[in-house]
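Residue numbers (the numbering used here): 25 to 733. Note that beta-carbon positions come from the ideal geometry of N, C-alpha and C, so glycine has one too. Structure first, then comments.
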């Protein structure tokens, strides 16, 4: 196999070296009753007798449980977390709260209920766990309290709207929470007579901050007014609340957020920032003298850069860029116990790692290393410990801990050891190649299961969404089903093309001023590199992607006819209409230098980057998939693409998921997506039939299967 060093921009203080070496598996024909029984046992249970590893199926991937929101108990002896399982009878994923000892023993399910539960948080004294749950199928989400020494969970709130984010006060007397405002009396009166006309993008309810007394359930409103509370953080000493305000709840108003600080009862609120960037993850230092926050900006607070850490005096003033020479994208950040260091996670390209930076010297130390992605990270200053999950191509995200001063993290759970034992998983490595202009590009290459050196294989190119994102060493999903493709003899390339994060601002900002400058050329250069290496058959190429990955598919089928099949998922095809339709326009403006409606050169850039006007060049058979209620890349974009392909005689179909937004959530829809794409690739790339994988609960053959669609 290839053995190339990963592309990691040089940075003083960060050491680099070679790395070391979500749903229990269920057969496609498993009965609903048996599946239900299996999903009720802990993650560590083995569902079948030991047997030789086998290739994964789509249903296997969907059935791998996910573990999220881990939180250490105040004494560090236990962890609460959320485990989400596929429920085929309900056709959705359902989440429950679990608890496990810190050494990974005795995983215990704490909550039950058809609607599921989430967001568990220990009380400061460890005597109870607060979590969120629906009281009934139609009621708003409320806060429940569960005694840790036994007993039933009881509702703490009876709020008129659903509770959002929650946090305990350090003294344990209050739980602070966000919630949308209730409808006004006038709005309720209109609804009572079915007067349902609304003003587009002008009717909304603000989100505000509340608190509830743990002793008696009394609620108090903390903020009110014509602004939206985007997030909040309580000072470690319990004296202040730092929070972010935006003028509306609209996604596009995120960059208009400003930081405010106030007393615990909402009094003495004062504004700290006034700029044009969105401040995320803001947190007061242990002595309340400074604030850190993360923003996708440069030192001048200009927009559209890799996320960076900024420091701000709590008394107000100009934010300071903390690590100006650090090229990677910061995920989250927090202060050490004494405030002398800042811990943070960072995207280094195909990896996500944990770092520490000395506040005085700005010296950076990398704390984790490997072909993996660190996520769900939290730091506990009282315990001097970090907890996080580590996802890799062979592990869906077991929990790990790292004590301050230790050189390596310690594994806490072994939920996912069975995956590499039960299934044949593809080999993967980071590779790099030169883009057309000589810039090095990195990506992940997955090999077919029975790969033999010197034999070329068909290739599926998968481009990530964002585009300000990157593909990383991590567990697989049913969305891209890499192990299933590898089992069918495909190699898979996931290129981190120009515009991806983690490789420095110049790499990210290549799209500024021209969305399709080098990005699509980076993808094709990666394909040619693999052909030159003798790994890939250049006559058997397929292309797929979702969101920005769909944008890329739409561009590439107009740029080259080398792909024998393509799938465009929720992709933009007309940037002018897309700008007017989408709920997010703030990213588009830097790409094209303005809106498409103000004249000048911007509109020409929108038109030049729109694949719709080059559809006459397309010969690649292309299917189109979209959610009917997608606000991010609305369905009309996919309709425009489908109409153009159909009119020009290009083999195509448009598949619409009812009730779905920018991602397909229903289990049957996720199974359908993988089936229809594999069927399409097998037909057009390899000229062979594909037998659709059946649903475990509804084994009847799909009406789309084996019909030539």
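Local conformation of residue 643 per DSSP, three classes = Position 619 of the chain shown, counted from the first residue, corresponds to residue 643. Note: residue 643 maps to coil in three-state DSSP.
Exercise. Please report the residue range of the alpha helix (DSSP H) in which residue 555 lies.
Key: The residue given as residue 555 occupies position 531 in the chain shown. Counting along the chain, the alpha helix (DSSP H) containing residue 555 begins and ends at 543-556.
Using a Cβ-Cβ cut-off of 7 Å (strictly less than) and excluding sequence neighbours within five positions of residue 70, which residues of its own chain qualify? Stepping through the chain shown from its first residue, residue 70 is reached at position 46. At residue 70 the pLDDT is 42, less than 50, meaning the model places this residue with poor confidence; the figure from the coordinates comes in the next sentence. Cβ neighbours of residue 70 beyond the five flanking positions: 442.
Contact check, residue 86 vs residue 694 under 8 Å by CB: the rounded distance? Counting from 1 along the chain shown, the entry for residue 86 is found at position 62. Counting from 1 along the chain shown, the entry for residue 694 is found at position 670. The pair is a contact, with the Cβ atoms about 6 Å apart (cut-off 8 Å).
>> Applying the 10 Å Cβ sphere with the 16-neighbour rule, what's the burial state of residue 181?
In response: Position 157 of the chain shown holds residue 181. Buried.
Q.
Only counting the same chain, and skipping five residues up and downstream in sequence, which positions put a Cβ closer than 7 Å to that of residue 638?
A. Reading the chain shown from its first residue, position 614 is the one you call residue 638. Here the set comprises 582.
Q.
Contact defined as beta carbons within less than 8 Å: I believe residue 143 pairs with residue 190. What is the distance between those atoms, to the nearest angstrom?
A. As a working mapping, residue 143 is identified with position 119 in the chain shown. As a working mapping, residue 190 is identified with position 166 in the chain shown. The pair is a contact, with the Cβ atoms about 6 Å apart (cut-off 8 Å).
Going by beta carbon distance, what residues of the same chain come within less than 8 Å of residue 228, once the five residues before and after it are set aside? Start at 1 with the first residue of the chain shown, and residue 228 comes out as number 204. Same-chain partners within the cutoff: 272, 273 and 274.
* Extent of the continuous beta strand (DSSP E) run through residue 376 -> Looking up residue 376 in the chain shown gives position 352. First-last of the beta strand (DSSP E) with residue 376: 376-382.
- Check whether residue 542 and residue 460 have beta carbons under 8 Å apart: Locating residue 542 in the chain shown gives position 518, counting from the first residue. Locating residue 460 in the chain shown gives position 436, counting from the first residue. Yes. Within cutoff.
* Asked: Ordered along the chain, which non-local residues of its own chain (more than five positions away) have a Cβ less than 7 Å from that of residue 666?
  -> Mapped onto the chain shown, residue 666 falls at position 642. Within the same chain, residue 666 has close Cβ partners 648, 676 and 678.
| field | DSSP-derived helix/strand/coil call for residue 714 | value | One-based indexing of the chain shown puts residue 714 at position 690. Coil at residue 714, not helix or strand.
* Quick one: residues in its chain with C-beta nearer than 6 Å to the C-beta of residue 579, no 5 flanking neighbours on either side, listed in chain order? => Position 555 of the chain shown, counted from the start, is the residue given in the question as residue 579. Correct list, in chain order: 540, 544 and 635.
Determine the extent of the beta strand (DSSP E) in which residue 412 is found, giving its start and end residues. Taking the first residue of the chain shown as position 1, residue 412 is located at position 388. It spans 409-416 - the beta strand (DSSP E) in which residue 412 sits, taken as one unbroken run.
Problem set entry | Identified DSSP bridge partners for residue 520 | Within the chain shown, the letter at position 496 stands for residue 520. Bridge partners of residue 520: 466.
On the premise that residue 594 lies in contact with residue 504, defined as a C-beta separation below 8 Å, what is that separation, rounded to the nearest angstrom? Taking the chain shown and counting its residues from 1, one reaches residue 504 at position 480. Taking the chain shown and counting its residues from 1, one reaches residue 594 at position 570. About 14 Å separates the two Cβ atoms, so there is no contact after all.
* Among all the DSSP beta bridges, which residues are the ones paired with residue 566? -> Translated into the one-based positions of the chain shown, residue 566 becomes position 542. Looking at the DSSP assignment, residue 566 forms a beta bridge with 484 and 589.
| Do residue 368 and residue 333 have their CB atoms nearer than 8 Å? | For the purposes of this step, residue 368 is taken as the residue at position 344 of the chain shown. For the purposes of this step, residue 333 is taken as the residue at position 309 of the chain shown. It is a contact, given that the beta carbons lie within the stated cut-off.
**Request:** Could you pull out every residue in the same chain whose Cβ sits closer than 7 Å to the Cβ of residue 277, ignoring the five residues on either side in sequence?
**Result:** Counting from 1 along the chain shown, the entry for residue 277 is found at position 253. The answer, listed in chain order, is 270 and 271.
Is the segment 114-121 touching the segment 413-428 in the sense that three or more CB pairs, one from each, lie closer than 8 Å? no
- [ ] For the segment 625-670, list the beta strand (DSSP E) runs that are entirely contained and at least 3 residues long, ordered along the chain.
- [x] 646-651
Item checked: Beta bridge counterpart(s) of residue 315 as assigned by DSSP -> Indexing the chain shown from 1 puts residue 315 at position 291. 308 and 336.
*Distance, Cα to Cα, residue 371 vs residue 356?*
Residue mapping note: residue 371 aligns to position 347 of the chain shown, counting from 1. Residue mapping note: residue 356 aligns to position 332 of the chain shown, counting from 1. About 10 Å.
What span of residues does the beta strand (DSSP E) with residue 389 cover, start to end? Locating residue 389 in the chain shown gives position 365, counting from the first residue. Looking at the DSSP string, the run of the beta strand (DSSP E) that includes residue 389 is 388-390.
* At a cut of 8 Å, does the segment 212-222 reach the segment 248-258 through at least three beta carbon pairs? -> no
### Query
Should residue 526 be labelled buried (16 or more other beta-carbon atoms within 10 Å of its own) or exposed?
Looking up residue 526 in the chain shown gives position 502. The residue is buried, with at least 16 neighbouring Cβ atoms inside 10 Å.
Leaving out five residues on either side along the sequence, give the residues of the same chain with a beta carbon under 8 Å from the beta carbon of residue 337. Along the chain shown, read from residue 1 onward, the residue named residue 337 stands at position 313. Once the five neighbours on either side are set aside, the close Cβ partners of residue 337 are 313, 314 and 315.
ask   = Using a Cβ-Cβ cut-off of 7 Å (strictly less than) and excluding sequence neighbours within five positions of residue 68, which residues of its own chain qualify?
value = Looking up residue 68 in the chain shown gives position 44. Any reading at residue 68 must be qualified, since the residue scores a pLDDT of 42, below 50, and its modelled position is unreliable; the value itself is stated next. Contacts found: 131, 438 and 439.
Q) Starting from residue 743 and walking both ways along the beta strand (DSSP E), at which residues does that stretch end? A) Because the chain is modelled from 25 through 733, residue 743 falls outside the range shown and cannot be assessed.
Q) In the structure shown, what three-state DSSP assignment does residue 152 receive? A) Stepping through the chain shown from its first residue, residue 152 is reached at position 128. Three-state DSSP puts residue 152 in a strand.
- Task: Output the boundary residues of the beta strand (DSSP E) element that contains residue 353.
- Result: Within the chain shown, the letter at position 329 stands for residue 353. Run containing residue 353: 353-359, per the beta strand (DSSP E) assignment.
**Request:** Take residue 558 and list the residues in its own chain whose beta-carbon comes closer than 7 Å to its own, dropping the five residues that flank it on each side.
**Result:** Counting from 1 along the chain shown, the entry for residue 558 is found at position 534. Cβ neighbours of residue 558 beyond the five flanking positions: 478 and 480.
Under a three-way DSSP split, which group does residue 286 fall into?
As a position in the chain shown, residue 286 is number 262, starting the count at 1. Looking at residue 286 - three-state DSSP - the assignment turns out to be strand.
When burial is assigned at 16 or more other CB atoms within 10 Å of the CB, is residue 303 buried or exposed? Residue numbering aside, residue 303 sits at position 279 when the chain shown is read from its first letter. That one is buried.
- Message: Give me the residue from 106, 718 and 691 with the minimum Cα distance to residue 113.
- Response: Translated into positions along the chain shown, residue 113 becomes position 89. Residue 691 is the option with its Cα nearest to residue 113.
Would you kindly work out how many angstroms separate the C-alpha atoms of residue 110 and residue 156, rounded to a whole number?
-> By 1-based counting over the chain shown, the position of residue 110 is 86. By 1-based counting over the chain shown, the position of residue 156 is 132. Distance between the alpha carbons of residue 110 and residue 156: 20 Å.
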